[in-house]
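Visitor: Going by UniProt numbering, the first sequence opens with residue 1, and the numbers climb by one from there.
Even glycine gets a Cβ: it sits at the ideal position worked out from N, Cα and C.
Starting off with a structure, shown below.
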Amino acid sequence: MAFGKGHHLHLVDGSAFIFRAYHALPPLTRKSDGLPVGAVSGFVNMVWKMIEDNKGPDAPTHAAVVFDKGSHTFRNDLYDLYKANREEMPEDLRPQIPLTREATRAFNLACLEQEGFEADDIIATLARQAREAGGRVTIISSDKDLMQLVGGGVEMLDAMKNLRIDSEGVEQKFGVGPDRVVDVQALAGDSVDNVPGAPGIGIKTAAMLINEYGSLDELLERAEEIKQPKRRQTLIEHAEQIRLSKQLVQLDDHMPLDYGLDTLEVKDPDPEALLEFLTKMEFRTIVRRVSETLGVEAPTIVETSDTPAAPDEPEMPESKPFDLEAYEVVRDAEALQVWIDRIRDRGYVAVDTETTDLNEMRALLVGISLSVEAGQACYVPLMHRDENAGGLFDGDSLAGGQMDRDLALSMLREVFEDDSILKIGQNMKYDAKIFASVGIDIAPIEDTMLMSYAMHGGLHGHGMDTLAERYLGHKPMPIKELIGSGKSQITFDRVPVDKAAKYAAEDADITLRLWQTFRPGLHRARVTTVYETLERPLVPVLAAMERNGVKVDRDTLSRMSSAFAQKMAALEAEIHELAGESFNVGSPKQLGEILFDRMGFEGGKKGKTGAWSTPADVLEDLATTHDLPARVLDWRQLSKLKSTYTDSLQEHIHPETGRVHTSYSIAGANTGRLASTDPNLQNIPVRTEEGRRIRGAFVPEEGNVLVSLDYSQIELRILAHVAGIDALKEAFRDGLDIHAATASEMFGVPLDEMTPEVRRQAKAINFGVIYGISGFGLARNLRIPRGEAQGFIDRYFERFPGIKDYMDATVKFAKVEGFVQTLFGRKIHTPEINAKGPGAGFARRAAINAPIQGTAADVIRRAMIRMPDAIEGMPAKMLLQVHDELLFEVRADAADALIERAREVMEGASLPAVHLSVPLIVEAGQGQNWADAH
DNA sequence: GTACTCACG
DNA sequence: GACGTACGTGAGTACG
Numbered sequence: 001m002a003f004g005k006g007h008h009l010h011l012v013d014g015s016a017f018i019f020r021a022y023h024a025l026p027p028l029t030r031k032s033d034g035l036p037v038g039a040v041s042g043f044v045n046m047v048w049k050m051i052e053d054n055k056g057p058d059a060p061t062h063a064a065v066v067f068d069k070g071s072h073t074f075r076n077d078l079y080d081l082y083k084a085n086r087e088e089m090p091e092d093l094r095p096q097i098p099l100t101r102e103a104t105r106a107f108n109l110a111c112l113e114q115e116g117f118e119a120d121d122i123i124a125t126l127a128r129q130a131r132e133a134g135g136r137v138t139i140i141s142s143d144k145d146l147m148q149l150v151g152g153g154v155e156m157l158d159a160m161k162n163l164r165i166d167s168e169g170v171e172q173k174f175g176v177g178p179d180r181v182v183d184v185q186a187l188a189g190d191s192v193d194n195v196p197g198a199p200g201i202g203i204k205t206a207a208m209l210i211n212e213y214g215s216l217d218e219l220l221e222r223a224e225e226i227k228q229p230k231r232r233q234t235l236i237e238h239a240e241q242i243r244l245s246k247q248l249v250q251l252d253d254h255m256p257l258d259y260g261l262d263t264l265e266v267k268d269p270d271p272e273a274l275l276e277f278l279t280k281m282e283f284r285t286i287v288r289r290v291s292e293t294l295g296v297e298a299p300t301i302v303e304t305s306d307t308p309a310a311p312d313e314p315e316m317p318e319s320k321p322f323d324l325e326a327y328e329v330v331r332d333a334e335a336l337q338v339w340i341d342r343i344r345d346r347g348y349v350a351v352d353t354e355t356t357d358l359n360e361m362r363a364l365l366v367g368i369s370l371s372v373e374a375g376q377a378c379y380v381p382l383m384h385r386d387e388n389a390g391g392l393f394d395g396d397s398l399a400g401g402q403m404d405r406d407l408a409l410s411m412l413r414e415v416f417e418d419d420s421i422l423k424i425g426q427n428m429k430y431d432a433k434i435f436a437s438v439g440i441d442i443a444p445i446e447d448t449m450l451m452s453y454a455m456h457g458g459l460h461g462h463g464m465d466t467l468a469e470r471y472l473g474h475k476p477m478p479i480k481e482l483i484g485s486g487k488s489q490i491t492f493d494r495v496p497v498d499k500a501a502k503y504a505a506e507d508a509d510i511t512l513r514l515w516q517t518f519r520p521g522l523h524r525a526r527v528t529t530v531y532e533t534l535e536r537p538l539v540p541v542l543a544a545m546e547r548n549g550v551k552v553d554r555d556t557l558s559r560m561s562s563a564f565a566q567k568m569a570a571l572e573a574e575i576h577e578l579a580g581e582s583f584n585v586g587s588p589k590q591l592g593e594i595l596f597d598r599m600g601f602e603g604g605k606k607g608k609t610g611a612w613s614t615p616a617d618v619l620e621d622l623a624t625t626h627d628l629p630a631r632v633l634d635w636r637q638l639s640k641l642k643s644t645y646t647d648s649l650q651e652h653i654h655p656e657t658g659r660v661h662t663s664y665s666i667a668g669a670n671t672g673r674l675a676s677t678d679p680n681l682q683n684i685p686v687r688t689e690e691g692r693r694i695r696g697a698f699v700p701e702e703g704n705v706l707v708s709l710d711y712s713q714i715e716l717r718i719l720a721h722v723a724g725i726d727a728l729k730e731a732f733r734d735g736l737d738i739h740a741a742t743a744s745e746m747f748g749v750p751l752d753e754m755t756p757e758v759r760r761q762a763k764a765i766n767f768g769v770i771y772g773i774s775g776f777g778l779a780r781n782l783r784i785p786r787g788e789a790q791g792f793i794d795r796y797f798e799r800f801p802g803i804k805d806y807m808d809a810t811v812k813f814a815k816v817e818g819f820v821q822t823l824f825g826r827k828i829h830t831p832e833i834n835a836k837g838p839g840a841g842f843a844r845r846a847a848i849n850a851p852i853q854g855t856a857a858d859v860i861r862r863a864m865i866r867m868p869d870a871i872e873g874m875p876a877k878m879l880l881q882v883h884d885e886l887l888f889e890v891r892a893d894a895a896d897a898l899i900e901r902a903r904e905v906m907e908g909a910s911l912p913a914v915h916l917s918v919p920l921i922v923e924a925g926q927g928q929n930w931a932d933a934h
């Protein structure tokens, strides 16, 4: 039947339905296996309600559900920042997307989507066609972007509020008729979609201007006539940006479509197909309702034994015991295919890789374990060596009974790179890097370690052993049983396959069970957003940075090592001479005996073990009166630089890449900071001239430069914001030297009369505040009497009373709730806060510091997560993060462009989630090595 | 394996 | 009134 006069087309904004369903509903999982289906369930209910509500005389004759497809549209080509501030799609929503398509078809509704276009464009095109054919259209959506389509037989319907929107409704919302909505939107911009518009002009002003001038074109043409000088200037200066904005908001109603309106005719749902889908999803209520309405018998949904924990129950599930004998060894393609089918059926899989090395850059893939259901897991051995062939010549031959590695990987690739299948791992960054090394880009992912970090940060570690014991009541098989320890340790590929399989499959099994346990907990603890925006998206970003590595010049380090060794030998001789005897300068115990027992110096302290303690500050005091401690300090500095940096860094240069590849632990630091290990590249010297030379060994490849961008005073800025200190905020807004400003405020010294000494004291106090200041700590840091330090603190609190209030409030919150929070919702638990004794002081200061340090950590995490997209296409790589600094390597001619782009991302990183009342400022530098890039 | 020391933010 | 303290990390060395 050809669409025409008297016909009525319903166009449903399907993507909006999905997001509404996802965010409005608690996380629902399919009972039998834990598959996330909350959004599907909500979607199905909304579609069903829509169908029921629209029966009767005005029922649609034609209908379609329209979806967005892909994230890149022609609008991104017009403006690369379009929708750039959108948070990533939550990963537990991703596998539900194909299911909503399936649901639509199960309802016998046309399901439309097209690559490169938004759902809105398809809707616009169909609405135009229907109107031109003389029919009526109802758009089921509340999206204001669609309001431009209203009029001439087109209406909108907000299905949630059951509200019809016609031309009049649009005029109420925008102050202009539907035909001028685009003009108003172009002027006002849209923060949600990141449409720039004209700065300082909102919907109200935009509507007024359009009404006055009739149209946007007219307005821009006659902008000179505008009376308000500022507004006139804005419109003239931003005319291009406004025209671009119009292009962005203007829907394309002439899309090429492969189907006509005629094909969208409404058909009744086929009860069998619909109920089959709903039964598969295990939606009991809707199955019953649909059956009743359609007058058919409801199919039964099989009850399964492993019921997930109810919301208030503890997180320990009553689960199947672990049975190592039940695990399967996959030895051929047929067996692997069976597992792949099971995975596709489920939509998710727990994965674990076994390798030859804990360091991903050296590690070779040995085998892969998979699990799709608690208690059921398999191991796919790939590169195990023949344990019996330990001889001189056949020691490297492969053990029998293993699949061809390349075949197995090509089969698994289809699953690991499939957008609709969730891959669950414990510390997925490790596995992602291993897979990257064999050319597999694993996504989307879920990480049980990071789920635990988001939920239990501060309570305990997040390694698999800890989590399995705490939350599954199960102690995993220790790896030592397989590979031994110490000198006789072997690599995993030497472990017999059958033994290896039990260990490996158990890990996948545990990971799957942890995921099932943690999933509901994440929402209950209200940290889903933290996990989804600050933890999980960081995994691929860090994996890429670590694989990039940073080039380190071996010769520079080697020359420095030799020079240090010579100087140390000379100092050592001098020290022995001064001491009158030979001893190990590197032994604090022996040094203490020389200094305090034999030479009779005062001021030494003994440690827990009764040995003398000789930290640098004590030696510094002694150095004022004697040469020996001074020489020891020099020796220690060189010793540190040599062993920790110039020597050890050389050993970390990767033989193939010639670069140093650190590893970041995401869940290591309690506050949300990253930690760098193996080697630690977050503590490369910078404070002394001698040490700073080590940074000179960090270099770019030929034709490139290193670019460093760092947040200026980010923690103090955050403090000013969270504690609401107006004086500090103003100082930051005015771009003042914050330590000098603090000193001026405290001591009444005018800024232009500030002395370095007074500024230094204020600086120490500023840092002290962030650390949960104490008179003792400040006194020690500034080397002043304790009473004087306390006086400073009292004066500071007097000048900035908000700080004290903030500290007290934070501690009180921690005592009541057991945790503190960052501005982005990260929780840091404080289990010791109510303890008695000295521990209470530590916990108190940690609780004060955590929200500040943690918020800063969250900010740079957000910047890092956005960075790959922001610098896409530029000849630049992000290499390192050092808490408030990001280091890039970029082709020399693109350095300035990179700085501009990266700075924009970093300075705007808190948005749109948090609007700080102080600006975030990023300082940038570039050079031929890391020292010069500062 | 623990303690001490010291490099960074 | 005494006690013991700046916050967060990782790594190398000595020593038991």
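Which complete beta strand (DSSP E) runs does the stretch 861-921 hold, if anything under 3 residues is left out?
Guide: Counting only runs of 3 or more, we get 876-881, 885-891.
Visitor: In the DSSP assignment, the beta strand (DSSP E) including residue 568 goes from what residue to what residue?
Guide: Run containing residue 568: none in the beta strand (DSSP E); it sits in the alpha helix (DSSP H), 554-579.
Visitor: Expressed to the nearest angstrom, what Euclidean distance is found between the alpha-carbon atoms of residue 403 and residue 417?
Guide: Looking at the two C-alpha atoms, the distance is approximately 20 Å.
Visitor: For residue 766, count neighbouring C-beta atoms within 10 Å of its own C-beta (all shown protein chains included) and say buried if the count is 16 or more, exposed if not.
Guide: Classification of residue 766: buried, given that the 10 Å Cβ count is 16 or more.
Visitor: Any idea which residues DSSP pairs residue 675 with across the strands?
Guide: For residue 675, which the question treats as bridged, DSSP gives the partners 665.
Visitor: Tell me which residue opens and which closes the beta strand (DSSP E) that residue 12 is part of.
Guide: Residue 12 -> beta strand (DSSP E) spans 8-13.
Visitor: Sort out for me which residues DSSP pairs residue 29 with in a bridge.
Guide: Partner(s): 36.
Visitor: Should the stretch 248-256 be regarded as contacting the stretch 122-131, the criterion being three or more beta carbon pairs within less than 8 Å?
Guide: Yes, the stretch 248-256 touches the stretch 122-131.
Visitor: Throw me the rounded Cβ distance for the residue 449 and residue 667 pair, which I believe falls under 8 Å.
Guide: Confirmed, Cβ separation roughly 5 Å.
Visitor: What does the alpha-carbon distance come out to for the pair residue 6 and residue 184?
Guide: Cα to Cα, the separation comes out at about 33 Å.
Visitor: Which partner residues of residue 351 appear in the DSSP bridge assignment?
Guide: Looking at the DSSP assignment, residue 351 forms a beta bridge with 370.
Visitor: Beta-carbon within less than 7 Å of residue 849's beta-carbon, same chain only, minus the 5 sequence neighbours each way: which residues are those?
Guide: Cβ neighbours of residue 849 beyond the five flanking positions: 770, 771, 772.
Visitor: Which same chain residues, not among the five before or five after residue 664, have their C-beta less than 6 Å away from its C-beta?
Guide: Once the five neighbours on either side are set aside, the close Cβ partners of residue 664 are 542, 674, 676.
Visitor: Please confirm if the stretch 500-508 is in contact with the stretch 341-356, defined as three or more CB-CB distances below 8 Å between the two stretches.
Guide: Short answer: they touch.
Visitor: Alpha carbon to alpha carbon, what distance is there between residue 108 and residue 267?
Guide: Roughly 6 Å separates the two Cα atoms.
Visitor: Which residues in the same chain have their Cβ closer than 8 Å to the Cβ of residue 74, if we skip the five residues on either side of it in sequence?
Guide: Within the same chain, residue 74 has close Cβ partners 116, 117, 252.
Visitor: Which whole runs of the beta strand (DSSP E) in the stretch 702-747 are 3 residues long or more, in chain order?
Guide: Those beta strand (DSSP E) runs which fall completely within the stretch 702-747 and span 3+ residues are 704-711.
Visitor: Does the ligand SAH have even one heavy atom less than 7 Å from the beta-carbon of residue 830?
Guide: Judged by which ligands are present, the structure shown has none, so any question about the ligand SAH falls away.
Visitor: Which one or two residues does DSSP pair with residue 377 in a beta bridge?
Guide: Note: residue 377 sits in a beta bridge opposite 371.
Visitor: Alpha carbons only, please: which of 930, 934, 918 is nearest the one belonging to residue 924?
Guide: The residue with the shortest Cα to Cα distance from residue 924 is 934.
Visitor: Can you name the residues that DSSP bridges to residue 62?
Guide: The partner list for residue 62 (beta bridge, DSSP) reads 9, 265.
Visitor: So what does residue 659 bridge to, in DSSP terms?
Guide: Residue 659 pairs with 551.
Visitor: Kindly provide the ranges of any beta strand (DSSP E) runs that are 3 or more residues long and lie completely inside the stretch 418-478, ordered along the chain.
Guide: Listed in chain order, they are 422-425, 445-447.
Visitor: Excluding sequence positions up to five away, which residues of its chain have a Cβ less than 7 Å from the Cβ of residue 528?
Guide: Excluding sequence neighbours, residue 528 sits near 522.
Visitor: Using CA coordinates, which residue listed in 17, 138, 273 is at the minimum distance from residue 58?
Guide: Nearest C-alpha to residue 58: 138.
Visitor: Using a Cβ-Cβ cutoff of less than 7 Å, which residues in the same chain neighbour residue 210 once the five nearest sequence positions on both sides are dropped?
Guide: Contacts found: 176, 180, 183, 184, 216, 219.
Visitor: Helix, strand or coil for residue 156, going by three-state DSSP, please let me know.
Guide: DSSP places residue 156 in strand when its eight states are reduced to three.
Visitor: Buried or exposed for residue 625, going by 16 or more other Cβ atoms inside 10 Å?
Guide: Exposed, since its Cβ has fewer than 16 Cβ neighbours within 10 Å.
Visitor: Counting pairs of Cβ atoms below 8 Å between the stretch 544-562 and the stretch 646-663, do you hit three or more?
Guide: These segments touch.
Visitor: What would DSSP say about residue 608, mapped onto helix, strand or coil?
Guide: The answer is coil: DSSP assigns residue 608 none of H, G, I, E or B.
Visitor: Taking the alpha carbon of residue 129 as the reference point, which residue from 173, 154, 755 has its own alpha carbon closest?
Guide: When only C-alpha atoms are compared, the closest one is 154.
Visitor: Tell me the DSSP bridge mates of residue 698?
Guide: Answer is 552.
Visitor: Determine which residues share a DSSP beta bridge with residue 829 and list them.
Guide: DSSP lists 819 as partners of residue 829.
Visitor: Give the secondary structure of residue 393 by DSSP, where H, G and I count as helix, E and B as strand, and everything else as coil.
Guide: Confidence at residue 393 is low in this model, with a pLDDT of 49, below 50, so its placement is unreliable and the value that follows should be read with caution. It is coil, neither helix nor strand.
Visitor: State the DSSP-derived secondary structure class of residue 923, mapped to helix, strand or coil.
Guide: If DSSP states are grouped into helix, strand and coil, residue 923 belongs with the strands.
Visitor: Under 8 Å: do the stretch 915-924 and the stretch 717-724 share three or more Cβ pairs, one atom per stretch?
Guide: Yes, the stretch 915-924 is in contact with the stretch 717-724.
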